[in-house]
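Visitor: Residue numbers (the numbering used here), protein chains in the order written: chain A, 4 to 150; chain B, 4 to 150.
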């Protein structure tokens, strides 16, 4: 039985398992999607404002999505997402950092036009191994209602 | 000579080269970052609300970032980005679709606290080969000022 729209309520919090990001993963993602030198090259990173190689913020977002799936999205009647808001990269993510996600449900809104579904709004925080919040994002998700 | 903050002005528009997304690329990204079945499996896609395999919206964002780099970010005094707003996935991206990006500068704001830099706000549209807008996003970018 998947989780339906009715199973979500504001204030619910889910914590993800940890995920460590290696230097090789950082460089591989950056070469494909975000080849800014401080994402692809250690020496360029040292010379940059970041003082070392850092992960693309879009890779942190990708890891957030994967942790979302692994933590609870895989067990839901998800119908995809129309978008997200307010991505904020607050601190650099560096090779060897271990990330985890905290998902907080902020709003549950049944659709007025489509009675079989509704929208769930979430506030997501990504934390590193020091407990520092490295990224936040406000997400939107569509979910089926209980048949 | 890179492009500095002073080289940007509201209303400037840049168009990217095209980029075709293959089924293999869609599935590879999804297996790593967004394994929702309609992103990883053709048959599951057909049974979904999308009627076929579609790319993760986060991969479309990644391609946007790559097109941004290739189109003009590589030629600038970029200092990274604090975030972005209002990602909207408006239409599915399917295997074989050819995407391009249109970047419009909307605001240029010198920093009050750090005189060597400033913020550029952009509105980005991703279009497919039919001229349909498949995604929009409002980006923030930090750029160095002319020395």
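Even glycine gets a Cβ: it sits at the ideal position worked out from N, Cα and C. These numbers were taken from a predicted model, which means no experiment stands behind them.
Considering Cα atoms alone, identify which of B:114, B:108, B:115, B:132 is closest to residue 99 of chain B.
Guide: Nearest option by C-alpha distance: B:132.
Visitor: Quick one: is residue 7 of chain B near chain A, going by C-beta distance under 9 Å?
Guide: No - not a single Cβ of chain A is within 9 Å of the one on residue 7 of chain B.
Visitor: Measure from the C-beta of residue 76 of chain B to each C-beta in chain A and report whether the shortest distance is under 9 Å.
Guide: Closer than 9 Å: yes.
Visitor: May I have the straight-line CA-CA distance separating residue 66 of chain B from residue 36 of chain A, to the nearest angstrom?
Guide: Each residue's Cα considered, the two are about 6 Å apart.
Visitor: At a Cβ threshold of 9 Å, is residue 50 of chain B touching chain A?
Guide: Taking Cβ atoms only, chain A never reaches closer than 9 Å to residue 50 of chain B, which makes this a no.
Visitor: Kindly confirm or deny that the segment 27 to 43 of chain A and the segment 56 to 75 of chain A touch, where touching means at least three C-beta pairs closer than 8 Å.
Guide: Flag = yes, the segment 27 to 43 of chain A and the segment 56 to 75 of chain A touch.
Visitor: Can you give me the start and stop residues for the beta strand (DSSP E) that residue 88 of chain A sits inside?
Guide: From DSSP, the beta strand (DSSP E) with residue 88 of chain A extends over 86 to 92.
Visitor: Rounded to whole angstroms, how far is the Cβ of residue 6 of chain A from the Cβ of residue 79 of chain A, which I believe are closer than 8 Å?
Guide: Going by Cβ atoms, the distance from residue 6 of chain A to residue 79 of chain A rounds to 4 Å, so yes, they are a contact pair.
Visitor: Can you tell me whether residue 141 of chain B is helix, strand or coil according to DSSP?
Guide: Of the three classes helix, strand and coil, the one that applies to residue 141 of chain B here is strand, per DSSP.
Visitor: Return the bridge partner residues of residue 51 of chain B from the DSSP annotation.
Guide: Answer by DSSP bridge pairing: none, since residue 51 of chain B is not bridged.
Visitor: On the criterion of 16 or more Cβ atoms from any shown chain inside 10 Å, does residue 50 of chain B qualify as buried, or is it exposed?
Guide: The residue in question, residue 50 of chain B, is exposed, as its Cβ has fewer than 16 Cβ neighbours within 10 Å.
Visitor: From this set, A:58, A:95, A:119, A:88, which residue's C-alpha is nearest residue 127 of chain A's C-alpha?
Guide: It is A:88.
Visitor: How many whole angstroms separate the CB atoms of residue 103 of chain A and residue 148 of chain A, which I take to be in contact at a CB cut-off of 8 Å?
Guide: About 30 Å separates the two Cβ atoms, so there is no contact after all.
Visitor: Touch check for the segment 12 to 20 of chain B and the segment 106 to 126 of chain B: three-plus C-beta pairs under 8 Å?
Guide: Segments in contact, yes.
Visitor: Please return the same chain residues whose Cβ sits closer than 7 Å to the Cβ of residue 95 of chain A, not counting the five positions on each side in sequence.
Guide: Taken in chain order, the residues that qualify are 53, 57.
Visitor: Check the C-beta distance from residue 85 of chain A over to residue 8 of chain A and give it rounded, since I have them as a contact under 8 Å.
Guide: Contact doesn't hold; Cβ gap of about 15 Å is too wide.
Visitor: Specify, as a first and last residue, the run of the alpha helix (DSSP H) that residue 102 of chain A falls within.
Guide: Per DSSP, residue 102 of chain A belongs to no alpha helix (DSSP H); it is in the beta strand (DSSP E), 101 to 113.
Visitor: What residues match up with residue 126 of chain A in a beta bridge as DSSP calls it?
Guide: According to DSSP, residue 126 of chain A bridges with A:107, A:141.
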